[in-house]
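Engineer: For the sequence shown, the positions run 160 to 303 when my numbering is used.
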Amino acid sequence: MSSRLVVVADQSKARIFTVDDPHGPLQQVDELEHPEARKREQELTSDRPGRSFDSSGQGRHAMGTSVEPKKEEAIRFAKQVAGYLQAAHHEGRFNRLLLVAGPPLLGLLRDRLKSLSGVKVTEIEKNLGQYNALEIRKHLPDRL
């Protein structure tokens, strides 16, 4: 198996590629999908937030959530992608990783991949998820 892995991700899909030659084409080996990320925020919440009483007096108010539903889905997907990469690393499938994603997702992935020891990680902050493998390769460095 190739020692270079390229992950191109957006909020709802991550495509995993290998590169046999540092100057060669991308070869897709896997794809992870997270369809919940494409849902509208009101589709992610079941109903209105619960109600709470004030600690003193008769006041009641809606309870807020600590994380917005869209952000929560992005965190779940980042955990899913990181879990896949940690398992692939444990199996010895790569020792070089190129992460290509938009800034919000890239930050979430970075936080979850700190445990990959002995892996050279390169990051590119670009949203390339809508492109095919040939177009993605044109946006990457000549040598991977």
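All C-beta atoms, glycine included, are put in the ideal place defined by N, C-alpha and C.
Under the three-state reduction of DSSP, which class applies to Gln-245: helix, strand or coil?
Structural biologist: Here residue 245 is taken as the residue at index 86 of the sequence shown, counted from 1. Gln-245: helix per DSSP, three-state reduction.
Engineer: Near Lys-238, what residues of its chain come up, given a Cβ to Cβ distance below 7 Å and the 5 sequence neighbours on each side ignored?
Structural biologist: As a first step, residue 238 is located in the sequence shown; it is residue number 79 there, counting from the start. Only Arg-271 meet the Cβ criterion.
Engineer: Between which residues of its own chain and His-248 is the CB-CB distance below 7 Å, once the five residues before and five after are set aside?
Structural biologist: Taking the first residue of the sequence shown as position 1, residue 248 is located at position 89. Here the set comprises Leu-275 and Val-278.
Engineer: Does the beta-carbon distance from Val-240 to Ile-295 come in below 9 Å?
Structural biologist: Walking along the sequence shown from the start, residue 240 turns up at place 81. Walking along the sequence shown from the start, residue 295 turns up at place 136. For Val-240 and Ile-295, no; Cβs fall outside 9 Å.
Engineer: Which one of Leu-256, Gly-251, Arg-174 and Arg-235 has the shortest CA to CA distance from Lys-273?
Structural biologist: Here residue 273 is taken as the residue at index 114 of the sequence shown, counted from 1. Out of Leu-256, Gly-251, Arg-174 and Arg-235, Leu-256 has the C-alpha closest to the C-alpha of Lys-273.
Engineer: Relative to the alpha-carbon of Gly-261, which residue among Ala-246, Val-280 and Ala-233 has its alpha-carbon at the smallest distance?
Structural biologist: Numbered from its first residue, the sequence shown carries residue 261 at position 102. Checked all of Ala-246, Val-280 and Ala-233; the closest Cα to Gly-261 is Ala-233.
Engineer: Grouping DSSP H, G and I as helix and E and B as strand, with all else coil, what is Phe-236?
Structural biologist: As a working mapping, residue 236 is identified with position 77 in the sequence shown. Here Phe-236 sits in helix by DSSP.
Engineer: Quick one: what's got a C-beta closer than 8 Å to Arg-302's C-beta in the same chain, skipping five residues either side?
Structural biologist: To locate residue 302, count along the sequence shown from 1; it is residue 143. Cβ within range, chain order: Pro-181 and His-182.
Engineer: Which value, in whole angstroms, describes the spacing of the CA atoms of Thr-177 and Leu-164?
Structural biologist: Here residue 177 is taken as the residue at index 18 of the sequence shown, counted from 1. Here residue 164 is taken as the residue at index 5 of the sequence shown, counted from 1. Approximately 5 Å, taken between the alpha carbons.
Engineer: Among residues of its own chain, excluding the 5 on either side of Arg-269, which ones have a beta-carbon nearer than 6 Å to its beta-carbon?
Structural biologist: The residue labelled residue 269 in the question sits at position 110 within the sequence shown. Counting only Cβ-Cβ distances below 6 Å, and skipping sequence neighbours, we find nothing.
Engineer: Would DSSP call Glu-250 helix, strand or coil?
Structural biologist: Residue mapping note: residue 250 aligns to position 91 of the sequence shown, counting from 1. The answer is coil: DSSP assigns Glu-250 none of H, G, I, E or B.
Engineer: Rounded to the nearest angstrom, how far is the Cβ of Glu-282 from that of Leu-299, given a contact under 8 Å?
Structural biologist: Here residue 282 refers to the residue found at position 123 when the sequence shown is read from its first residue. Here residue 299 refers to the residue found at position 140 when the sequence shown is read from its first residue. Not quite, the Cβ-Cβ distance comes to about 12 Å (not below 8 Å), so this is no contact.
Engineer: Should Ser-171 and Glu-195 be called a contact, given that it needs their Cβ atoms to be closer than 9 Å?
Structural biologist: Residue numbering aside, residue 171 sits at position 12 when the sequence shown is read from its first letter. Residue numbering aside, residue 195 sits at position 36 when the sequence shown is read from its first letter. Cβ distance < 9 Å, so Ser-171 and Glu-195 count as in contact.
Engineer: Taking just the CA atoms, how far does His-193 sit from Arg-174?
Structural biologist: As a working note, residue 174 is residue 15 in the sequence shown. As a working note, residue 193 is residue 34 in the sequence shown. Between Arg-174 and His-193, the C-alpha separation is close to 12 Å.
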